[in-house]
Amino acid sequence: MRVLIADDRLLIREGLRLILCENIGSVQTGEAAGARELLAKLHDEVWDVIVFDIGFPVHAGFDLLRQVRAMRPATPVLVLSTHADETYAVRALRSGATGCLTKESAPHELVTAIEKLARGGRYVPPAVVDALAAEITGDSAGEPHHGLSDRELDVLLLLAGGMTTTAIAAHLKLSPKTVSTYRRRILAKTGFDSNAQLIRYAIEHRLV
């Protein structure tokens, strides 16, 4: 089995590689530390499973996921997220992921997910299945952040992390005016009126 691990942190890549080598009989791994390296390895080599960290800004991460699926539509992609909220997993599945896990998952669950994807299946944790079902049937609790676009969610998370409008603009390669516009939209959609309320909301809903 050939598994490509895409994550910008060396320790995470090394930890995932060790888990796979110790638990899967015959596995060959490759690593990509960023978007450019990931796309290059997909262009040059064939992989059985791609393990993809969605830890880039949300919008950029999902855009990259869609590029990966366009390049290798038959190759399953397991998305890893540091976020516990099911919103990320649902958005990842919409963007083409064939499986999803949080980085808090046990090693055996990672192995199970990769082996299932390699056999042509999907891997979706029960909580995410419930979230998808609620969305399809219209029974979702409708938390305010569910209605945000990917870019608006980016800005919310960065605001919740304590970044200023100017810093967010530089990080996302946007103008400060555009970031301010996204902030106004976020406040309107969530019903809050200050950054402090947004930060409290993000913490309470385990978005950061």
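Position in the sequence shown (from 1) plus 966 gives the number in the working numbering.
The C-beta atom is built at its ideal place from N, Cα and C for all residues, glycine as well.
Only a predicted model underlies this, so the values are computations on that prediction, with no experimental measurement involved.
{"Asked": "Tell me the DSSP bridge mates of C1066?", "Found": "V1045"}
{"Asked": "Taking the Cβ atom as the reference point for each residue, do E1118 and I1080 lie within a distance shorter than 8 Å?", "Found": "no"}
{"Asked": "Give the straight-line distance between the Cα atoms of T1147 and V1012, rounded to the nearest whole angstrom.", "Found": "42 Å"}
{"Asked": "Between I990, A999, T995, Q994, which has its C-alpha nearest R975's C-alpha?", "Found": "A999"}
{"Asked": "Quick check on the burial criterion: 16 or more other C-beta atoms within 10 angstroms. Buried or exposed for E1052?", "Found": "buried"}
{"Asked": "Would you tell me roughly how many angstroms separate the C-alpha atoms of I1134 and G1128, rounded to the nearest one?", "Found": "10 Å"}
{"Asked": "Helix, strand or coil, according to DSSP, for E1003 in the structure here?", "Found": "helix"}
{"Asked": "Between the C-alpha atoms of Y1089 and R1150, what's the straight-line distance to the nearest angstrom?", "Found": "37 Å"}
{"Asked": "According to DSSP, what are the bridge partners of Y1148?", "Found": "Answer is none; Y1148 lacks a bridge partner."}
{"Asked": "If we ignore side chains and look at the alpha-carbon of each, how far apart do R1085 and T1041 end up?", "Found": "11 Å"}
{"Asked": "Any idea what DSSP makes of G1086, helix, strand or coil?", "Found": "coil"}
{"Asked": "Based on DSSP bridge pairs, tell me the residues matched to Q994.", "Found": "R968"}
{"Asked": "Please check the pair I985 and L1076, which I expect to be a contact at CB under 8 Å, by giving their CB distance rounded to whole angstroms.", "Found": "6 Å"}
{"Asked": "Along the chain, where does the beta strand (DSSP E) containing D948 start, and where does it finish?", "Found": "This structure cannot settle anything about residue 948, because the visible part of the chain is limited to 967 through 1174."}
{"Asked": "Whose C-alpha, out of H1074, K1139, E997, V1034, is nearest the C-alpha of S1061?", "Found": "V1034"}
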